[in-house]
Each structure stands twice: as structure tokens, then as C-alpha cells.
Amino acid sequence: MDGFRRSRSPESRSPQAMAQPHFQPRPSRPQSAGLPHADSCSQAQMERQSRPGSQYQPLQRPRPLSNVNNTLPDVGSVPRNNSQDSTEPFRNRRNTSEQEHASTPLSKKPRRHKKWLIAFVIFSVIAAMAAGAYLWYTSQLKAASRSTEKYSIVISDGDSTAAIAAKLKKIGVIRDELAFRIYAYLEGKAMVGSTCRVSPSQTVPEIVAKLAAGCRDFKAITFYPGGTLEASRYKASRARSGTDKTNARYVLKRAGFSDNDITAAFHAVYDSPLFADKPADTSLEGYVFGETYHVADDATAKQVLETVFAHMYKIVQKNNLVAKFKEQGLNLYQGITLASIVERELTCEDKPTAERKERCYQYQRGIAQVFIKRFRAGAKLGSDITAVYAADKAKIDIPKDDTSALVSINSPYNTRKYKGLPPTPIAAPGELSLQAVANPTETDYNFFLAGDDGLIYFAKTNEEHEANIKNHCQKLCAEI
Numbered sequence: 004m005d006g007f008r009r010s011r012s013p014e015s016r017s018p019q020a021m022a023q024p025h026f027q028p029r030p031s032r033p034q035s036a037g038l039p040h041a042d043s044c045s046q047a048q049m050e051r052q053s054r055p056g057s058q059y060q061p062l063q064r065p066r067p068l069s070n071v072n073n074t075l076p077d078v079g080s081v082p083r084n085n086s087q088d089s090t091e092p093f094r095n096r097r098n099t100s101e102q103e104h105a106s107t108p109l110s111k112k113p114r115r116h117k118k119w120l121i122a123f124v125i126f127s128v129i130a131a132m133a134a135g136a137y138l139w140y141t142s143q144l145k146a147a148s149r150s151t152e153k154y155s156i157v158i159s160d161g162d163s164t165a166a167i168a169a170k171l172k173k174i175g176v177i178r179d180e181l182a183f184r185i186y187a188y189l190e191g192k193a194m195v196g197s198t199c200r201v202s203p204s205q206t207v208p209e210i211v212a213k214l215a216a217g218c219r220d221f222k223a224i225t226f227y228p229g230g231t232l233e234a235s236r237y238k239a240s241r242a243r244s245g246t247d248k249t250n251a252r253y254v255l256k257r258a259g260f261s262d263n264d265i266t267a268a269f270h271a272v273y274d275s276p277l278f279a280d281k282p283a284d285t286s287l288e289g290y291v292f293g294e295t296y297h298v299a300d301d302a303t304a305k306q307v308l309e310t311v312f313a314h315m316y317k318i319v320q321k322n323n324l325v326a327k328f329k330e331q332g333l334n335l336y337q338g339i340t341l342a343s344i345v346e347r348e349l350t351c352e353d354k355p356t357a358e359r360k361e362r363c364y365q366y367q368r369g370i371a372q373v374f375i376k377r378f379r380a381g382a383k384l385g386s387d388i389t390a391v392y393a394a395d396k397a398k399i400d401i402p403k404d405d406t407s408a409l410v411s412i413n414s415p416y417n418t419r420k421y422k423g424l425p426p427t428p429i430a431a432p433g434e435l436s437l438q439a440v441a442n443p444t445e446t447d448y449n450f451f452l453a454g455d456d457g458l459i460y461f462a463k464t465n466e467e468h469e470a471n472i473k474n475h476c477q478k479l480c481a482e483i
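The working numbering puts the last residue of the sequence shown at 483; the count rises by one with no breaks.
Laid out in C-alpha cells, this is it:
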């Protein structure tokens with residue numbers, strides 16, 4: 004037994020075996036029959052290693068031979084044979100290690116490439132959007148069309164750029180509101196309140212420049228409520244300047260029209276539903292509606308009046324005057340005529356506050372009720388102001404204190420002498436006087452007068468009326 008322990012094969016005594024005590028060979032085939040038993044060999048090795056001074060370290064117990072083919076070698080082991088089965092794990096590990104080593108520096112490059120690619124895509128999208136926006140913006144600044152037709156636009160003081168853009172878009176002279184607003188903002192130009200004539204053939208820069216400079220294409224013409232076609236001798240005699248500045252001829256002459264142009268316009272024929280009930284041989288008295296109008300510099304006097312008549316008919320439609328006059332037993336022409344008398348008796352359009360204007364309008368409604376009652380009864384309207392108009396038509400100067408001369412004027416316009424309405428309106432009614440005739444107050448009053456204090460006094464009977472004259476109208480009632 005001891006001899007067996009001392010005897011060692013050349014392989015077991017080799018320096019390589021001694022230098023690698025942990026090497027555990029795994030044969031790929033069963034042990035030969037001539038070799039010692041594994042248990043005996045292991046026991047001999049353990050006894051030798053347990054001796055004092057032994058240079059060997061304890062070895063692990065060899066695995067059974069039956070498990071050799073089913074067990075993978077240790078990571079650090081190197082199999083002795085060159086069979087494919089025993090070397091494949093080592094090759095796989097080597098390949099895996101090489102792949103990990105190779106992929107470590109290369110893995111950063113695709114990531115960096117992806118970042119640059121994403122940045123490039125984002126930049127390209129932004130650049131494309133910016134280019135598209137610029138192309139859209141420049142295209143919207145071009146003329147809306149080739150049409151050279153002129154359209155009027157009124158720019159009020161305080162209008163925002165958005166409001167102006169909406170007006171221009173509505174009449175079709177610009178392509179886009181936003182582009183107009185952007186251009187106006189970038190230019191920093193404030194648009195001046197005025198009335199302009201613009202065309203779809205103009206570009207946005209041209210339109211903005213024109214609006215910023217203040218248009219000179221239009222001029223303002225103001226007619227007055229209560230004004231007449233021709234100058235009133237009565238008004239002139241009582242004006243400080245000695246001139247009646249409220250008549251239509253005076254206003255048109257101030258606007259640059261000649262007397263011949265004005266006369267031709269006064270006698271021209273106009274096609275408007277406003278004149279539906281107007282007798283053919285009557286003048287335009289009462290139809291030059293009091294308002295401020297913006298007309299083209301090159302407009303004729305006739306075109307100015309056409310603008311006036313169109314505006315007045317809008318007032319008629321807005322207040323449903325045709326139907327409401329009919330309820331009072333009046334057609335449109337008669338309603339305008341009666342409203343002109345109410346306007347001359349008491350003007351409310353010039354009142355400075357809404358409260359005073361409303362109070363004046365209620366007085367007008369009461370005056371309209373008195374006249375409508377007399378008209379329905381077939382009585383004289385008894386309006387002194389109609390006699391004044393008759394004197395103007397006859398070019399008669401009436402002294403302020405001679406009321407008897409006024410009453411005695413022989414004219415169908417003198418309702419102190421003749422029954423019913425005068426042949427034509429005696430002045431241009433205002434919107435409130437038209438509304439007053441259409442909506443008279445429901446009262447039982449039959450008389451009225453304007454007192455020295457500026458108030459209107461109503462009475463049911465003649466006795467009450469005389470008392471009002473005595474108590475409230477000592478100055479005004481003594482004059483015309």
C-alpha cells in the first residue's frame with residue numbers, strides 16, 4: 004500500500020501538475036481498466052498532503068466519472084483534449100468577451116448619430132414651417148384682386164387695427180385680416196380717423212400707407228335738422244351773422260358746388276322708395292335729412308343728395324315709419340310733412356345730453372298728438388311756424404312784433420288760415436320728430452305753447468291755453 008502511495012506516474016509528478024493544484028481534469032471518455040481506483044488515489048493524495056511540510060494544497064474531491072459528460076468545465080479550466088464538445092464553452096466565452104469588448108466603444112456612436120439626426124429633423128421642420136409662414140404672409144400682402152372698383156371705409160378715431168382689418172376684409176379689399184394686422188404692427192403706423200376709398204387692386208402696404216396718412220378722398224358735408232332747401236329770411240333776420248347757414252344750398256356751396264349744380268340737383272328726378280307718396284310736382288323740401296355725410300371729392304351735387312336720400316330711407320325702415328304713420332291715418336309723405344312742423348316747433352336733435360333729449364322728445368310726442376287730433380277733425384293746425392314758412396316762400400319780411408301780418412298771409416302753407424297739412428314739408432325733420440309723429444302721446448290735450456322758460460305747456464281747453472300764455476309766455480308769445 005505504501006509502495007503504491009510512493010509510486011507516481013510521470014504525469015502526476017510533472018511540474019505542471021504541481022504548479023496547478025486546483026486543476027481538475029475531466030476525461031472525455033471512461034477510465035482504462037489498468038489504472039488505480041479513483042478512491043484509492045484520492046485517499047493517498049489526501050494522506051500525502053496532510054503530512055507536515057507538504058507543498059501541496061488540499062485538492063477538491065474529484066467528481067464522479069459518471070458525471071463527466073454532463074458537467075461543464077470550470078471557467079478557468081483548459082481541457083486537455085481537443086474534442087469539439089469540450090472546447091465549445093471556452094470558444095463561446097471568448098467570442099462573448101470579444102463582442103463585449105468590441106461593442107463598448109462602438110455603442111456610443113449610434114447614440115450620438117441618433118441625437119444629431121433628431122436635431123436635424125427638428126431644425127428642418129422648423130425651417131420648413133418658417134419658410135411656409137413667410138411665403139403665406141407675403142402672398143397675403145398682395146392685392147386681393149385686379150378690380151379697380153373703389154369702396155368706402157370709415158375709420159373712426161380709436162378704432163383698433165383688428166377692427167380696421169375686419170372692415171377691410173368685409174368689403175373685400177384685403178386677403179387676410181391677420182396678415183394686415185401683422186404688417187401694420189411691424190410698420191408701427193397708426194391709422195388716422197377718416198373716410199377713405201380703397202380698391203381690391205391695392206396691396207396691403209399701399210392701403211396701410213394711405214390710411215396712416217389720412218385719406219383725402221372724401222369730404223364731410225353736414226346738413227341740419229330743421230333746415231330748408233333755400234335760405235330763410237326769417238332765420239337770417241334773427242341770426243347774429245344775418246345769414247341762414249342751415250339751408251341746403253348754403254351747405255352745398257360751402258362744399259364747393261356751384262349754384263347751377265345745386266339748382267340742377269334740386270330739380271333732378273330721383274328713383275327711391277322714399278318718394279313713393281310724394282306728388283310729382285313738389286320740391287325736395289323735407290328730404291335733405293340732417294346728418295353728416297362723407298362723400299367722394301369728385302361726387303356731384305346730385306350724387307350727394309342721392310346719398311342723403313338713401314340714408315333717410317334707412318331711418319324710415321329702421322323705425323317702421325310707413326306702418327306706424329298708417330296707424331295715425333297718414334301716408335309716408337304726410338307723416339314727413341307733419342314731422343317737419345313738429346321739428347320747427349321744437350328741435351331736440353341739438354340737446355347736449357341724453358336726458359334732455361329724451362325730455363324734449365316727450366314734448367314732441369305731445370305736440371304731435373295735438374296736431375294729429377286737429378288733422379283728423381279737419382280743423383286748422385294753427386301752427387305759427389307754417390305761416391313763417393309761407394312768408395319766406397313769398398319773400399315777405401315779417402316784423403318780430405307784427406303777428407297779425409303773419410296770420411294774414413294768403414298761402415296754402417299758412418295753417419293759421421287754411422285747414423289740413425301744407426302742400427309740402429316745411430323743413431327737414433329729425434329722427435326724433437319722425438318718431439314722435441309715429442308714436443304720439445295718448446293725451447286729451449288740444450293746445451300747447453313754448454314758455455319763456457323753455458318748457459312746453461299743454462292745455463285741454465282754450466281757457467287753460469290763454470292762462471298758460473298769460474302765466475308763461477309774455478315774451479315769446481309777443482314775438483314771432
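Beta carbons: idealized from backbone N, C-alpha and C, even for Gly.
Note that this is a predicted model, so its numbers are computed, not measured.
Cβ pair residue i, residue j closer than 7 Å
i, j, result
"residue 446", "residue 331", "no"
"residue 227", "residue 249", "yes"
"residue 223", "residue 295", "yes"
"residue 285", "residue 204", "no"
"residue 251", "residue 277", "no"
"residue 412", "residue 430", "no"
"residue 147", "residue 177", "yes"
"residue 416", "residue 428", "no"
Residue i, enclosing beta strand (DSSP E) - first and last residue
i, result
"residue 155", "154–158"
"residue 172", "Segment 164–174 is the alpha helix (DSSP H) holding residue 172; no beta strand (DSSP E) there."
"residue 221", "221–225"
"residue 197", "197–201"
"residue 452", "450–453"
"residue 462", "459–462"
"residue 295", "295–299"
Which listed residue (the options) has its alpha carbon closest to that of residue i
i, options, result
"residue 432", "289, 455, 422, 393", "289"
"residue 180", "144, 155, 238", "144"
"residue 157", "462, 221, 384", "221"
"residue 260", "218, 147, 298, 235", "298"
"residue 451", "258, 246, 469", "469"
"residue 210", "231, 183, 188", "183"
"residue 392", "375, 153, 374, 418", "418"
"residue 208", "307, 191, 247", "191"
"residue 293", "434, 376, 139", "434"
"residue 379", "329, 269, 354, 280", "329"
"residue 164", "176, 175, 195, 147", "195"
"residue 407", "394, 317, 398", "394"
"residue 333", "467, 189, 443", "443"
"residue 338", "388, 313, 439, 364", "439"
"residue 340", "139, 441, 354", "441"
Backbone CA spacing between residue i and residue j [nearest angstrom]
i, j, result
"residue 478", "residue 320", "41 Å"
"residue 382", "residue 422", "6 Å"
"residue 437", "residue 401", "29 Å"
"residue 476", "residue 264", "44 Å"
"residue 25", "residue 123", "The predicted model places residue 25 with a pLDDT of 47, which falls under 50 and marks its position as unreliable; any figure quoted below should be read in that light. Computed Cα separation, rounded: 59 Å."
"residue 275", "residue 311", "11 Å"
"residue 346", "residue 367", "8 Å"
"residue 266", "residue 255", "11 Å"
"residue 481", "residue 473", "11 Å"
"residue 350", "residue 253", "20 Å"
"residue 193", "residue 215", "6 Å"
"residue 137", "residue 131", "10 Å"
"residue 403", "residue 240", "9 Å"
"residue 187", "residue 167", "11 Å"
"residue 463", "residue 348", "19 Å"
"residue 384", "residue 324", "22 Å"
"residue 71", "residue 121", "Reliability fails at residue 71, whose pLDDT of 46 lies under 50, so the model's placement of it is uncertain and no value is given."
"residue 305", "residue 291", "12 Å"
"residue 199", "residue 169", "15 Å"
"residue 115", "residue 125", "16 Å"
"residue 171", "residue 318", "25 Å"
"residue 74", "residue 118", "Only weak support is given to the placement of residue 74: the predicted model assigns it a pLDDT of 47, under 50, and the value that follows is read from those uncertain coordinates. Their backbone Cα atoms lie some 47 Å apart in a straight line."
"residue 154", "residue 465", "58 Å"
"residue 247", "residue 149", "47 Å"
"residue 302", "residue 374", "40 Å"
Unbroken alpha helix (DSSP H) run spanning residue i, endpoints
i, result
"residue 237", "236–241"
"residue 439", "434–441"
"residue 314", "304–321"
"residue 352", "That residue, residue 352, is in no alpha helix (DSSP H); it is neither H nor E in DSSP."
"residue 403", "It is not in any alpha helix (DSSP H) - residue 403 carries neither H nor E in the DSSP assignment."
"residue 337", "335–348"
"residue 212", "207–216"
"residue 329", "324–330"
Closer than 6 Å: residue i CB and nearest the ligand NAD heavy atom
i, result
"residue 460", "Among the components modelled here there is no ligand, and therefore nothing to report on the ligand NAD."
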